[in-house]
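Notes follow once the structure below has been shown.
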Amino acid sequence: MLKVENLDKTFNTGGGNVHAVQKVSFTANDGEVVAIIGASGSGKSTLLSLLGLLDSPDAGSIDIDGVQLANLDSSGQTKYRSTQVGFVFQQFNLIPNLSAKENVMLALEFAHWPKQDRSARAEAMLTMVGLGTDKADRRPAKLSGGEQQRVAIARAFSAQPKLILADEPTGSLDRSTGQKIVALLHEAATQQHATVLVVTHDEKIAQMADRRLEIEDGVLKEIA
Amino acid sequence: MNAVRRGIRNAFRNAMRSVGVVVILAVAIALSISMLIARDAVTTKINTVRASTGNTITVSPKGFFGGQGGGTPLTTAQINDLLGLSNVTGVQESLSENLTTTETSLKSPTLAGFLGRQFGGSGAGVGGSSSSTTTFTIPVRVTGTNSPGNAVTGGANGGGSEKLTSGKSFSPTSNADVAIVGSTLASKNKLKVGSTFTAWSTKITVVGIFNASSTFTDSDVLMPLATVQKLAGASGEVTSATVVVNTIDNVASVDKAISKKLGSVADVTSTQATAEAQLAPLNSVKTISTYTLIGSVIGAAIILLLSMLMIVRERRREVGVLKALGAPNRSIIMQFIAESTTFTVLGAIVGFLGGILVSSPITSALVNASGGSTSTGVSGFVRRTGGSGFTGGGSGFTPPAGATGGGLRFGGLHSTVTQLHTSAGWSTLGFALIAAIIIAALGSTVATATIVRIRPAEVLRSE
Ligand SMILES: Nc1ncnc2c1ncn2[C@@H]1O[C@H](COP(=O)(O)OP(=O)(O)OP(=O)(O)O)[C@@H](O)[C@H]1O
Ligand SMILES: [Mg+2]
């Protein structure tokens, strides 16, 4: 269960202050897929980076299963990123000189997953996203965009996080591949009891989510 | 797979760049290692020269080498006087003569082709010989000495004392017609203990064979001083004397005392002073090599530092991804240190081998470049003066400065200075290792600072 209250983030740029996230409050349940839509520059990525502790908010609170993220020290934050959150990026962001399986195992390593179980877990995750053993040992460059994003999803879910943050995961894919990816996120969310936040520009993709939130100039509101 | 293994793997991610970085590092490390070897070799040589020449003073007839005619030989009486000076522990006297084939039955083992031309080049000095340069044969050097066992010490004649390999020596005061001969000469002339040969029309008996580990001295004949004085008709004459001083500290005062005593008839040269003059260029080589050593280590560190900085910048996004995946800074830093260490270790291996290969030529190039003017060897050079076949330069002989025309520069301090032995020992290997660690550590620090500063939020922005 994710509970966000009055989250605020302002950037000081040379041209003045940018209020990227303004008093954002919402909740999301386990297994729920929430789409976040909004124009470019509306603050979608900023919101995700605050939720993933990649950046710290100026004000407000984030609560995951009763844990206040603001109370975490730096090693607690690192632990949170490795065990409680999974990221899926528009650019896939796989490590280019590691195979698909090694990319998944990397997340397991950072999450201190038991060494002897990592290989089997990575293979299971790749199978879950529909990649067979023939693809497991390939490097990202030898996989299609859709396949790379599947690896990224396997990586994001591998350490059983409670929250998946996907920033335009379909932005680099064609519509039908994108829809398959979102369907996969849906499936994984249900299976792993994780909350998935998907940022998208695509109305069709957004409609696949359980709920839709719209952000405009940093202000978030629920779309009925 | 842990951070270290990832780092090692990353070192080979861009083959071209890896080769480039490794090669540049290898060159810098090779340079630093060869400088270290050169420095070691020079230091050893300086110490050896100091140790071997420190407490002796050579006395030779005035102007003996200045003109082609030679000076007036010193007398045994004059030399024996020196024993009375305080702090003098002994005086080694010698009278050297070069015997041509008409004067001795011995044949020099030295190839005429090798030295003949140099003899020929010495002009009037050789002109006295009846032979023309084309048919010139190398004379045999006979040295009369009152210090058998020590007759070739003091850096003279290539350094080292003669060691008897068979037979026995003669007593310092002997005047018997006996000789100990160098091993090279002995084998050339098929001499054994008990063999005889003629010199100055006299039958000389070989009582011992010696080895001084120098081809030139091993071609020599050592005889009692009194015998040579008698046979050569040079009674009471010496061509060289080496005064041994009790401690190095007293060399200067004894040097003064000798000069005062002998006045203008002799050239007095303390080997210490000459050695220091000779060592000056070596000392500068030492300084140069030290700075080059430090410079190349720093250079290597800068190269690695810049390379790592470039690599970290290039993988900025990847570092952000690792952070977003929950990698602690420590793990990411470890990964980059492993990568830079891989470069360094490869560079060190290649550089170490390269350094050993180039250290010898570099060392001699450095020494020759800075020691090129030291043609006045401290001692041990032999040349003929005048037609009599009289030869100057026995043990410990020092020509006055500038008397270099026609001098044969073999044996003596100059060649020992030049004969630097370069070697790569464990200490060098240890240094290579330490240098590599320092380089890797320095090279990683700035990269590390950059890694820490990369904000993971950056990965959310598409480029
Ligand atoms: N590090 C930063 N420094 C300064 N301004 C920033 C920074 N990050 C974001 N901003 C600003 O905050 C606002 C929101 O940016 P954000 O990246 O969250 O938008 P977005 O909704 O993700 O846009 P897009 O759809 O184009 O990805 C923008 O005006 C942006 O310029
Ligand atoms: Mg964005």
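Just so you know, the sequences run in chain order A and B.
The working numbering applies: residue 91 is where the first sequence begins, and numbers increase by one.
The working numbering applies: residue 147 is where the second sequence begins, and numbers increase by one.
All residues carry an ideal CB built from backbone N, CA and C; glycine is no exception.
Quick one: list the residues of chain B neighbouring A/Ser-139, beta-carbon separation under 7 Å, in chain order.
Simply Ala-603, Leu-606.
Exposed or buried, B/Val-352, counting other C-beta atoms within 10 Å across all chains shown (16 or more means buried)?
So B/Val-352 counts as buried.
Measuring only between beta-carbons, confirm whether A/Asn-107 sits less than 9 Å from chain B.
No, A/Asn-107 lies away from the interface with chain B (no Cβ there is under 9 Å from its Cβ).
How should B/Glu-249 be labelled, buried or exposed, when 16 other C-beta atoms within 10 angstroms of its C-beta is the threshold for buried?
Looking at its Cβ environment, which holds 16 or more other Cβ atoms inside 10 Å, B/Glu-249 is buried.
Determine the closest residue to A/Asp-224 out of A/Gln-206, A/Ala-190, A/Ala-242, A/Thr-173, with distance taken between C-alpha atoms.
When each option's Cα is compared against that of A/Asp-224, the closest is A/Ala-190.
Does the beta-carbon of B/Ile-580 have 16 or more other beta-carbons within 10 angstroms, so that it is buried, or is it exposed?
B/Ile-580 should be labelled exposed.
I want to see whether chain B comes within less than 9 Å of A/Phe-247, judged by CB atoms only; does it?
Closer than 9 Å: no.
I need the DSSP call for B/Ser-206, collapsed to helix, strand or coil.
Three-state result, B/Ser-206: strand.
Anything in chain B within Cβ reach of A/Ala-142, meaning under 9 Å, just list it in chain order.
For clarity, residue 142 of chain A is Gly in the given sequence; the question names Ala instead. The contacting residues are Ala-470, Pro-602, Ala-603, Leu-606.
Distance cutoff 9 Å, beta carbons only. Does A/Thr-267 sit that close to anything in chain B?
It does not: the Cβ of A/Thr-267 has no partner Cβ on chain B nearer than 9 Å.
Verify the contact flag: A/Ala-256, CB atom, against every heavy atom of ligand 1, threshold strictly below 8 Å.
No, ligand 1 has no heavy atom inside 8 Å of this Cβ.
CA-CA distance, B/Ile-175 and B/Ala-446?
So the alpha carbons of these two residues sit roughly 7 Å apart.
Flag this pair as yes or no: are the beta carbons of A/Ala-212 and A/Ser-248 separated by less than 9 Å?
Result yes, Cβ atoms of A/Ala-212 and A/Ser-248 sit closer than 9 Å.
Kindly indicate if chain B contains any beta-carbon less than 9 Å away from that of A/Lys-169.
Yes, contact with chain B.
Can you pull the chain B residues whose beta carbon is under 9 Å from the beta carbon of A/Phe-179, in chain order?
Ordered by position in chain B, the residues that pass the 9 Å Cβ test against A/Phe-179 are Val-467, Ala-470, Val-605, Leu-606, Ser-608.
Can you say whether B/Val-598 is buried or exposed, counting buried as having 16 or more other CB atoms within 10 angstroms of its CB?
Exposed: under 16 other Cβ atoms inside 10 Å.
Pull up the distance between the alpha-carbon of B/Asp-366 and that of B/Val-400, whole angstroms please.
Rounded to whole angstroms, B/Asp-366 to B/Val-400 spans 31 Å at the Cα level.
Give me the Cβ distance between B/Leu-228 and B/Ile-404, rounded to the nearest whole Å; I'm assuming they're in contact under 8 Å.
About 6 Å separates the two Cβ atoms, so the contact holds.
Does any heavy atom of ligand 1 sit closer than 8 Å to the C-beta of A/Gly-128?
For ligand 1, at least one heavy atom lies less than 8 Å from the Cβ of A/Gly-128.
Quick one: does the C-beta of A/Ser-262 sit closer than 8 Å to a heavy atom of ligand 2?
Not under cutoff, so the answer is no.
Under the criterion of a Cβ to heavy atom distance below 8 Å, does A/Val-289 qualify as lining ligand 4?
In terms of ligand content, the structure shown lacks ligand 4 and carries ligand 1 and ligand 2 instead.
How about the stretch 221-236 of chain B and the stretch 415-432 of chain B: do they share at least three Cβ pairs that are nearer than 8 Å?
Output reads no: the stretch 415-432 of chain B does not touch the stretch 221-236 of chain B.
Less than 7 Å between C-beta atoms, sequence neighbours within five positions excluded: which residues of the same chain meet that for B/Arg-152?
Hits under 7 Å: Gln-481.
Is the closest heavy atom of ligand 1 to the C-beta of B/Ile-600 under 8 Å?
Outside the cutoff, so no.
Tell me, which residues are paired with B/Pro-370 by DSSP?
Bridge partners of B/Pro-370: B/Thr-291.
Fully enclosed by the stretch 425-512 of chain B, which alpha helix (DSSP H) runs are 4 residues long or longer?
You should have 462-470.
Leaving aside the five residues before and after A/Asn-96 along the sequence, list all residues of the same chain whose C-beta is less than 8 Å from its C-beta, in chain order.
So the list reads Lys-113, Val-114, Ser-115, Ala-149, Gly-150, Ser-151, once near-sequence residues are dropped.
Can B/Arg-607 be considered in contact with ligand 2, in the sense that its beta carbon sits closer than 8 Å to one or more heavy atoms?
Indeed, a heavy atom of ligand 2 lies less than 8 Å from the Cβ.
Does ligand 2 have even one heavy atom less than 8 Å from the beta-carbon of A/Lys-134?
A/Lys-134 Cβ: within cutoff of ligand 2.
Would you decide whether B/Ala-547 is buried or exposed? Buried here means 16 or more other CB atoms lie within 10 Å of its CB.
Legend: pLDDT at B/Ala-547 = 36, less than 50; position of this residue unreliable, value from coordinates given subsequently. Looking at its Cβ environment, which holds fewer than 16 other Cβ atoms inside 10 Å, B/Ala-547 is exposed.
So, for B/Ser-254: in the same chain, excluding its five sequence neighbours on each side, which residues have a beta-carbon less than 8 Å away from its beta-carbon?
Closer than 8 Å at the Cβ level, and outside the excluded window around B/Ser-254, lie Thr-283, Ile-284, Pro-285, Val-286, Leu-331, Lys-334, Ser-365.
For chain A, check one thing: does any of its Cβ atoms lie closer than 9 Å to the Cβ of B/Arg-462?
Not one chain A Cβ lies under 9 Å of B/Arg-462.
Check whether the Cβ of A/Ala-110 sits closer than 8 Å to any heavy atom of ligand 1, and report yes or no.
Under cutoff, so the answer is yes.
What residue does the beta strand (DSSP E) around A/Ala-256 start on, and which one ends it?
That run of the beta strand (DSSP E) goes 253-257.
Let me confirm a value: A/Gly-133 is counted as buried when at least 16 other C-beta atoms fall within 10 Å, else exposed. Which label applies?
Burial call: buried.
If you draw a straight line from the alpha carbon of B/Val-528 to that of B/Val-288, how long is it in whole angstroms?
Since pLDDT at B/Val-528 reaches only 29, below the 50 mark, its modelled position is unreliable, and no value is offered.
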